[in-house]
Amino acid sequence: MPNRRIILITGASSGIGAATARALAGPGTALLLHARGGTDGAKRPMLEALAEEVLCAGSRV
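First residue of the sequence shown: 10, per our numbering; consecutive thereafter.
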């Protein structure tokens, strides 16, 4: 079985975290995107949009 590594990116909803996710996105990478969202889920749409973006670049999310 291949040794698969997962890249955990915290603060992925904006700023440096989002930029890091975009920079690492590509075929063969697996990204785990995380952001503190509180109880209202305000950051969820931003994470979902970023997830779609990195999926289109070939990453697994």
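Don't be surprised by glycine CBs; every beta carbon is placed ideally from N, CA and C.
Nearest in C-alpha terms to Leu-17, of all of Val-63, Leu-40 and Ala-32, is Leu-40.
In this structure, the straight-line span from the alpha carbon of Arg-45 to that of Gly-37 is close to 26 Å. Here Leu-59 is not bridged, per DSSP, to any residue.
Arg-53 has its alpha-carbon roughly 17 Å from the corresponding atom of Ala-28. Across the set Leu-56, Glu-57 and Ile-15, the C-alpha of Ile-15 shows the shortest separation from the C-alpha of Gly-35.
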